[in-house]
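What follows is a short report on a single structure.
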Amino acid sequence: MNHREQLERVLATDPADVGCEQAIALLHMYADMIATDKDAAREYPGVAAHLAACGPCGEDFQGLLEAVTAGA
Amino acid sequence: MIPHDDDAPVLDPASAEWISALTAAGRDREAGLARLHGLLIRVAVHELRRREASSAVTGAELDDMAHQCAADAMLAILDKLDTFRGESRFTTWAYKFVVLEVSSKLGRHYWRRHPTTLLDAEDWERLPDRFGVDPGEHAERADLVKAVQRAVEETLTDHQRRLFTAIVVNQVPLDALVSQLGLNRNAVYKAVFDARRKIRLFLIANGYLDERRQGR
Ligand SMILES: [Zn+2]
Chain V
1099 MNHREQLERV
1109 LATDPADVGC
1119 EQAIALLHMY
1129 ADMIATDKDA
1139 AREYPGVAAH
1149 LAACGPCGED
1159 FQGLLEAVTA
1169 GA
Chain X
19 MIPHDDDAPV
29 LDPASAEWIS
39 ALTAAGRDRE
49 AGLARLHGLL
59 IRVAVHELRR
69 REASSAVTGA
79 ELDDMAHQCA
89 ADAMLAILDK
99 LDTFRGESRF
109 TTWAYKFVVL
119 EVSSKLGRHY
129 WRRHPTTLLD
139 AEDWERLPDR
149 FGVDPGEHAE
159 RADLVKAVQR
169 AVEETLTDHQ
179 RRLFTAIVVN
189 QVPLDALVSQ
199 LGLNRNAVYK
209 AVFDARRKIR
219 LFLIANGYLD
229 ERRQGR
């Protein structure tokens, strides 16, 4: 990958991205669907787009998924 | 977990049990609170350990922070208990508050480790690192960095410029910025999102990037 492609990645934005507020509002439903093998990304494509692009929300999602699947 | 139109939420049995314990009186409620608190602490410890490498919060400080996160999450959960509609399991809904508390507290904690990080210092020399090192194309890369700099100066609002610089150029974590500036995560993300889009459009309009490579 050259620097132009890297720059493309740094600057990429997905129009489907719903933003942090909506993604967080739906995060518990999204995590439960993933934990039970349901197609959450298909049900909530805007949340999937956001979690792929937003570092902190992606991190929160990973943490929640681990908490749920660990049966803590 | 099944969508429904009725006013009364339809809860799975385990979630219904939680709600009935937490809304009970006397000892049942005490027992429910204690059981929930125990789970919240476990989740907080697990989450803080998962993020230990990047946060550098360890040992007694980690345990202490876990207890604070669990306590604050508990307050939020009890405060919002009547908004739980059973769209997920109760525990998933409850754990979300812990995870969010952990992020928020780690965002604040960042400044204890990096007290001298300046938000507004524009260290453009660092920008090429974000694009990877490509020794054969030094001149072209310098050109591109200049173009990004121009886009930042000419197309962004002061607010967008400040947040883009802090996050993309200076690499301050988003939640650290949230805590420092008293904004919410969505507002910071949105400003940087808009900044990215504007810079990209500027670079396309000026022939630095290819329009056809739309989106991802
Ligand atoms: Zn986000």
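These protein sequences, in sequence, are chains V and X.
Start counting the first sequence at 1099; every next residue gets the next number (the working numbering).
Start counting the second sequence at 19; every next residue gets the next number (the working numbering).
The C-beta atom is built at its ideal place from N, Cα and C for all residues, glycine as well.
A residue is called buried when at least 16 other Cβ atoms come within 10 angstroms of its Cβ; ARG53(X) does not meet this threshold and is exposed. In this structure, DSSP gives GLN189(X) a state outside helix and strand, which the three-state scheme calls coil. Using a cutoff of 7 Å, the CB of ARG203(X) counts as near ligand 1, since one of the ligand's heavy atoms is closer than that. When C-beta distances to chain X are compared with 8 Å, the residues of the stretch 1109-1133 of chain V below that value are LEU1109, ALA1110, THR1111, ASP1112, PRO1113, ASP1115, GLY1117, CYS1118, GLU1119, ILE1122, LEU1125, HIS1126, MET1127, ALA1129, ASP1130 and ALA1133, in chain order. Contact between the stretch 1115-1133 of chain V and the stretch 1150-1157 of chain V is established, with three or more Cβ pairs separated by less than 8 Å. In this structure, the alpha-carbon of ASP46(X) lies about 27 Å from that of THR1167(V). For SER106(X), there is no enclosing alpha helix (DSSP H), as DSSP marks it with neither H nor E.
Put simply, of LEU1163(V), ASP1112(V), GLU1141(V) and ALA1129(V) the residue whose alpha carbon is nearest the alpha carbon of ALA1150(V) is ASP1112(V).
Between THR173(X) and LYS216(X), the gap from beta carbon to beta carbon is short of 8 Å. DSSP, reduced to helix, strand and coil, places THR135(X) outside both helices and strands of the structure shown, so it counts as coil. With 16 or more other Cβ atoms inside 10 Å of its own Cβ, ASP1130(V) counts as buried.
Look at ARG47(X): its C-beta is not under 8 Å from any C-beta on chain V. Nearest neighbour of VAL206(X) by Cα position, chosen from HIS177(X), ARG130(X), PHE220(X) and ILE222(X), turns out to be HIS177(X). Across the structure, VAL210(X) and PHE182(X) are spaced so that their CA atoms are roughly 5 Å apart.
From the beta-carbon of LYS98(X), no residue of chain V is found nearer than 8 Å; the closest lies around 12 Å away.
Between SER72(X) and GLU65(X), the alpha-carbon positions lie close to 12 Å from each other.
Contacts between ALA1168(V) and chain X, judged by CB atoms closer than 8 Å, involve HIS64 in chain order. Ranking ILE59(X), GLU229(X), THR41(X) and LEU192(X) by CA distance to the CA of HIS127(X) puts LEU192(X) first. Between the C-alpha atoms of LEU80(X) and VAL63(X) there is a straight-line separation of about 7 Å.
For SER33(X), not one C-beta of chain V is nearer than 8 Å to its own C-beta.
Around LEU1163(V), the same chain offers ALA1129, ILE1132 and ALA1133 as residues with beta carbons nearer than 7 Å, after the five sequence neighbours per side are excluded.
Look at PRO1143(V): its C-beta is not under 8 Å from any C-beta on chain X. Of the residues LEU99(X), ASP90(X) and TRP129(X), the one whose Cα lies closest to the Cα of VAL120(X) is ASP90(X). For THR173(X), the uninterrupted alpha helix (DSSP H) segment begins and ends at 156-173. The closest heavy atom of ligand 1 lies 7 Å or more from the beta carbon of CYS87(X).
If you draw a 10 Å sphere on the C-beta of ARG203(X), you find 16 or more other C-beta atoms in it, and that means buried. Counting every other CB atom within 10 Å of its CB across the protein chains shown gives LEU1105(V) a total of 16 or more, marking it as buried. In this structure, the beta-carbon distance from GLY1161(V) to ARG159(X) does not fall below 8 Å.
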